[in-house]
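*Asks:* Sharing a structure, written as structure tokens. Questions coming.
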Amino acid sequence: MIKTFTQDDLIRHIYKETTLEESSEIEMALLFDEQLADQYEEMLSVVNGLDGALKSPSMKAIDSIVSYSKSYHLHSVD
20 MIKTFTQDDL
30 IRHIYKETTL
40 EESSEIEMAL
50 LFDEQLADQY
60 EEMLSVVNGL
70 DGALKSPSMK
80 AIDSIVSYSK
90 SYHLHSVD
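Per the working numbering, the very first residue in the sequence shown carries number 20; after that it's consecutive.
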């Protein structure tokens, strides 16, 4: 029996949220279904692009925020 895989299945596979059996079935399907393999490669490229786009604030920005917060003399409420 040939199983049809959805985009959700591919995304779960990319993020390693599939069972060993599902992963094995998807890998086998990718070998024989060119359209599925193309779709998988495209999704993998998007995920890798998103992962690479993660940004961190610069130390200057962090220092500015800390300095700004220290400029307020907050009193604790007792």
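No residue lacks a Cβ here, since even glycine has one placed at the ideal position from N, Cα and C.
Since the model is a prediction, treat every value here as computed from it, not as a measurement.
Using only the alpha-carbon positions, how far apart do Ala56 and Val85 sit?
*Replies:* The straight-line gap from Cα to Cα measures roughly 48 Å.
*Asks:* Say whether the segment 24-43 touches the segment 57-75, bearing in mind that this needs 3 or more beta-carbon pairs closer than 8 Å, one atom from each stretch.
*Replies:* Output reads yes: the segment 57-75 touches the segment 24-43.
*Asks:* In three-state terms, what does DSSP make of Ser77?
*Replies:* Reduced to three states, the DSSP call for Ser77 is coil.
*Asks:* Alpha carbon to alpha carbon, what distance is there between Leu73 and Val66?
*Replies:* Cα to Cα, Val66 sits roughly 11 Å from Leu73.
*Asks:* If you run the structure through DSSP and keep just helix, strand and coil, what is Ser90?
*Replies:* Correct three-state label for Ser90: coil.
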